[in-house]
Amino acid sequence: MENLEKPKTWVQESKRIVFFGGAGVSTESGIPDFRSVDGLYNQKFDYPPETIISHSFFLKNPEYFFRFYREKMLPLGFSPNITHKKLAQWEEVGKLTAVITQNIDGLHQKAGSHRVLELHGSVLRNYCMKCHKSYSAEYVKNSQGICRCDCGGIIKPDVVLYEESLDSQVLEKSIYAIAQCDLLIVGGTSLTVYPAAGLLRYYPGHRLVLINRDETPYDNQADLVLHESLGKVFEQLP
Ligand code: NAD
């Protein structure tokens, strides 16, 4: 394990920490990420995951979409880990202004965080495309075939599919939080999914810490890079 004196001091000194994370934040809770060796992209399906979880595929082949979605993308019954919990504590003591996440699992809120900006939506919200009635994730999980509303309309999970754009308000709030923060910690993301990955460029400071098991295209732009597991680092931070 590398020397953590620098990030420990930075966390102690900071008053407006922003954490920007991805699927790697939840792997230690048991939810697989997309791109690691044992991640979703290395499993065999009839189509690549990007195709199945795209807007056009959802409309063209909803039955297949829901089969894949229920089996692989609906992480219910998992608990927050040390990283989720410590971020919630920082918020509680007034040190952290936002968690910006690409995850759709709701684990930051489950850990107690309120200031969560969900760039890619959440599996916990689901709406009928016809009458807009809302449904729980459990309803979607337990449904069969195409998930339908009482009115007959198709229920769409409130997650951002490929070909769909991000919520502009969430994006604006994320940019604002990053532009104002005094410490930006980026973790558990391959930084390959856009426009989310592009948010890093709004950080004007010199305390950008990147914690990721694998290398990322942004390693050379960070002030400190830790190729470690998030849990190992976070359990040692104040
Ligand atoms: P990704 O799968 O592309 O990359 C995850 C990165 O995290 C990898 O580089 C890996 O090395 C690293 N990592 C994995 N476990 C780690 C750990 N314990 N400590 C440190 N690093 C770790 O994930 P992404 O960049 O978030 O992009 C994938 C997209 O998939 C996102 O848009 C997200 O919406 C979605 N997704 C979400 C979930 C979830 O909600 N939990 C799970 C899978 C995918």
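Numbered as in this note's numbering, the sequence shown ends at 1129 without a single skipped number. Every residue, glycine too, gets a C-beta built ideally from N, C-alpha and C. The structure displayed is predicted, hence computed values, not measured ones.
Val-1051 sits buried, since 16 or more C-beta atoms from the chains shown fall within 10 Å of its C-beta. CA-to-CA, the gap between His-1118 and Gly-1043 works out to about 49 Å. Unbroken alpha helix (DSSP H) runs of no fewer than 4 residues, entirely contained in the segment 992-1045, are found at 998-1002 and 1028-1033, following chain order. Just so you know, the alpha carbons of Gly-921 and Glu-941 end up roughly 22 Å apart. Beyond the five residues adjoining it in sequence on each side, Ala-1087 comes within less than 6 Å, by CB distance, of Gln-993 and Leu-1010 in the same chain, given in chain order. Scanning its chain for C-beta atoms nearer than 8 Å, with the 5 sequence neighbours on each side dropped, one finds around Glu-983 the residues Gly-1003, in chain order. Uninterrupted beta strand (DSSP E) stretches at least 3 residues long and entirely within the segment 1099-1127 occur at 1099-1102 and 1115-1117, given in chain order. Counting along the chain, Phe-911 sits inside the beta strand (DSSP E) bounded by residues 908-912. With respect to Ile-1066, Val-909 sits apart: the two C-beta atoms are not nearer than 7 Å.
The straight-line gap separating the alpha-carbon atoms of Ser-1034 and His-946 is approximately 20 Å.
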